[in-house]
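Worksheet: one structure, shown below.
Here is the structure:
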């Protein structure tokens, strides 16, 4: 499935953000400088929902702040819509940000918050009123124009933050972990809302998140990051099915990382198989699989059942199958999967 | 809990407020309606004389002649107190902003520096200004040494030196409340404003100042009220040539031995300050709506 990523890049889409060998180090007083980003190269296309995904401290938020202009890169160049923005402060970039803490102005009403960006651009009053109405409509907060941020729930504040950032119609909308403060149910709702807003406005969205499920559900493409490096860029499908790195395989969804030796193969390789691709059957059935072992634990997940199997060579793996349990703990089993679903990575 | 028990719980607070705040005020108002005892203190009967004395002079034939001299002293005092407040605000806001922008460690040091003058007696600190400003003082000496002047500048004993002394004394009361409101401003708000195309000036005007205003108002209150009643700086740095209300009141209780008049003046000042506060708090409430 590697061709998917290639086809995406060869399609001649205009590049909205070009990040060219960007590094960022923070000088600390007592320790060595912290390298938050190490020679990062990325192209984010126009009208794309792009996600920077990684654990905390991977540099994703730093990259976002570099694009917004809150920090300057130590080296490298950032171009937005073809223009080098190195010398531009945040107020001169066609980029708006939705902050993790929303950062709504507490002394202004919802409408005043949303109007702020347009006012600062000296837009005529009539246009401001129209855009504010439009933006509040877009996030379904029509009746809340005169409220103060403190009178709104977390979910509503989130919507105001999105409306405020969208009202000036920027070329790029940056979203810094926008859903992390919401509870699970609201989060799911906002995920599809943001996706809808991206499609309706045609604005390039750059989302920062540590939640791989969120990234898979919302993004057109994802960049997986770890400790200042971009490990892999691709569509959610591509990254899930074809991880090119042990970390990516482990971080995105659930994976079994099996040492080659455990399967009687090249010990310098790691075999990556998703739990849902592994079929577990009793030894008595006579199927010849990749390895044999014993069921060590069974977890009932509602629609699925999760088996934990300890292989004879000592490695442990998980298998997820539809329906209820047909095996019991201690059963001797054969584990099998199609060759097409496994990935072989260097250790 | 019954109403009786509730009363018991509030009682200590009421007692403190009563003894330390209401009673002295009540005494001052009561004294202002009494007759002066030439040896100090007050005696019966109750009269309005003290208030009449404020606006009228009693002529030899016992008729009352309008005399604005005391009212002018109050006006001049209000003018100097307002000037002190405005100068403190103009100086205090940038200082508070500068401190907020520092690392937590440097903030502590700078805040300590702001409160440092509290550790030395105000009288001594004010007297030090005389040493600096007088004709043979540090300032004139330095200027003469640098060859900028030959004759000493009249730096002492004028409105300028009074103002300087007042600003110097009350500046920390402006810096600290502004600092405490600025400190609570989420730095993300400033980033968000820049992100929404606001220039530095616009960020100050639309975000920082509106959020710092409650602190500035508190600071203005803390500076204006004591500056109005202050008598140290006017006496020492003004040379006592032109009376201010604080010195005038102090005189009534010491050399003049006219306690009712001193109390009446205090009451007038209190009414002026309270009026300013009431107007202010009304306006704040209107803004909140």
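Chains as they are written, first to last, in the working numbering: chain A, 1362 to 1708; chain B, 126 to 414.
Ideal Cβ placement from N, Cα and C applies to all residues, glycine included.
DSSP state of residue i mapped onto helix, strand, coil
i                       : result
residue 1387 of chain A : strand
residue 187 of chain B  : coil
residue 203 of chain B  : helix
residue 212 of chain B  : helix
residue 308 of chain B  : helix
residue 1517 of chain A : helix
residue 1411 of chain A : strand
residue 1658 of chain A : strand
residue 150 of chain B  : helix
residue 1630 of chain A : strand
residue 1451 of chain A : helix
residue 1679 of chain A : strand
residue 1587 of chain A : strand
residue 1751 of chain A : Coverage of chain A is limited to positions 1362 through 1708, which leaves residue 1751 of chain A absent and any answer about it impossible.
residue 1564 of chain A : coil
For residue j and residue i, the rounded distance between their alpha carbons
i                       : j                       : result
residue 1475 of chain A : residue 1496 of chain A : 8 Å
residue 1556 of chain A : residue 1619 of chain A : 36 Å
residue 330 of chain B  : residue 150 of chain B  : 40 Å
residue 1369 of chain A : residue 410 of chain B  : Because residue 1369 of chain A carries a pLDDT of 45, less than 50, the predicted location of this residue cannot be relied on, and no value is offered for it.
residue 269 of chain B  : residue 305 of chain B  : 42 Å
residue 338 of chain B  : residue 1394 of chain A : 39 Å
residue 1708 of chain A : residue 1633 of chain A : 11 Å
residue 1396 of chain A : residue 240 of chain B  : 40 Å
residue 1427 of chain A : residue 1638 of chain A : 40 Å
residue 1408 of chain A : residue 229 of chain B  : 42 Å
residue 1621 of chain A : residue 1629 of chain A : 7 Å
residue 402 of chain B  : residue 197 of chain B  : 22 Å
residue 1530 of chain A : residue 231 of chain B  : 41 Å
residue 1521 of chain A : residue 227 of chain B  : 31 Å
residue 1659 of chain A : residue 1597 of chain A : 29 Å
residue 1558 of chain A : residue 405 of chain B  : 45 Å
residue 1404 of chain A : residue 1624 of chain A : 39 Å
residue 1652 of chain A : residue 317 of chain B  : 56 Å
residue 1589 of chain A : residue 1574 of chain A : 21 Å
residue 1689 of chain A : residue 1657 of chain A : 9 Å
residue 1440 of chain A : residue 1462 of chain A : 27 Å
residue 1378 of chain A : residue 1502 of chain A : 31 Å
residue 271 of chain B  : residue 277 of chain B  : 13 Å
residue 243 of chain B  : residue 178 of chain B  : 37 Å
residue 94 of chain B   : residue 1380 of chain A : The displayed coordinates of chain B run from 126 to 414. Any statement about residue 94 of chain B would go beyond what the structure contains.
residue 1334 of chain A : residue 320 of chain B  : This structure does not reach residue 1334 of chain A, given that chain A is present from 1362 up to 1708, and the question cannot be answered.
Contact belief for residue i with residue j at Cβ below 8 Å, rounded distance in angstroms
i                       : j                       : result
residue 344 of chain B  : residue 217 of chain B  : 6 Å
residue 1578 of chain A : residue 1552 of chain A : 6 Å
residue 416 of chain B  : residue 382 of chain B  : Residue coverage of chain B in this structure runs from 126 to 414, which leaves residue 416 of chain B outside it and unanswerable.
residue 1518 of chain A : residue 1510 of chain A : 6 Å
residue 1595 of chain A : residue 1547 of chain A : Actually they are not in contact, since the Cβ atoms of residue 1595 of chain A and residue 1547 of chain A sit about 29 Å apart, beyond 8 Å.
residue 307 of chain B  : residue 225 of chain B  : 5 Å
Cut-off 8 Å between Cβ atoms - residues of its own chain near residue i, not counting five sequence neighbours on either side
i                       : result
residue 181 of chain B  : 189, 190, 191, 192
residue 362 of chain B  : 251, 254, 255, 258, 281, 282, 286, 287, 289, 290
residue 1415 of chain A : 1421, 1571, 1585, 1586, 1587, 1612
residue 392 of chain B  : 153, 154, 157
residue 1488 of chain A : 1479
residue 1417 of chain A : 1571
residue 356 of chain B  : 369, 371, 372, 374, 375
residue 349 of chain B  : 206, 207, 209, 210, 398, 401
Of the residues the options, the one placed nearest residue i, counting alpha carbons only
i                       : options                        : result
residue 1376 of chain A : A:1672, A:1532, A:1629         : A:1532
residue 1445 of chain A : A:1589, A:1684, A:1430, A:1599 : A:1430
residue 1627 of chain A : A:1592, A:1675, A:1697, A:1705 : A:1705
residue 1383 of chain A : A:1434, A:1392, A:1404, A:1411 : A:1434
residue 1455 of chain A : A:1534, A:1656, A:1683, A:1641 : A:1534
residue 1568 of chain A : A:1412, A:1387, A:1405, A:1483 : A:1412
residue 333 of chain B  : B:351, B:323, B:310, B:349     : B:310
residue 1563 of chain A : A:1374, A:1410, A:1400         : A:1410
residue 200 of chain B  : B:398, B:302, B:408            : B:398
residue 1635 of chain A : A:1513, A:1386, A:1581, A:1667 : A:1667
residue 1469 of chain A : A:1505, A:1437, A:1671         : A:1505
residue 395 of chain B  : B:351, B:380, B:170            : B:351
residue 159 of chain B  : B:134, B:172, B:148            : B:172
residue 1695 of chain A : A:1392, A:1680, A:1609         : A:1680
Sequence-distant residues of the same chain with beta carbon closer than 6 Å to residue i, five excluded per side
i                       : result
residue 1466 of chain A : 1474
residue 1693 of chain A : 1644, 1655
Residues near residue i by beta carbon distance below 7 Å, same chain, minus five either side
i                       : result
residue 1363 of chain A : Only weak support exists for where residue 1363 of chain A lies, its pLDDT of 41 falling under 50; the value from the coordinates is given anyway. Only 1603 meet the Cβ criterion.
residue 378 of chain B  : 384, 387
residue 1451 of chain A : 1429, 1430, 1431
Near the ligand ATP: residue i beta-carbon under 6 Å from a heavy atom
i                      : result
residue 404 of chain B : Because no ligand of any kind appears in the structure shown, any question about the ligand ATP cannot be addressed here.
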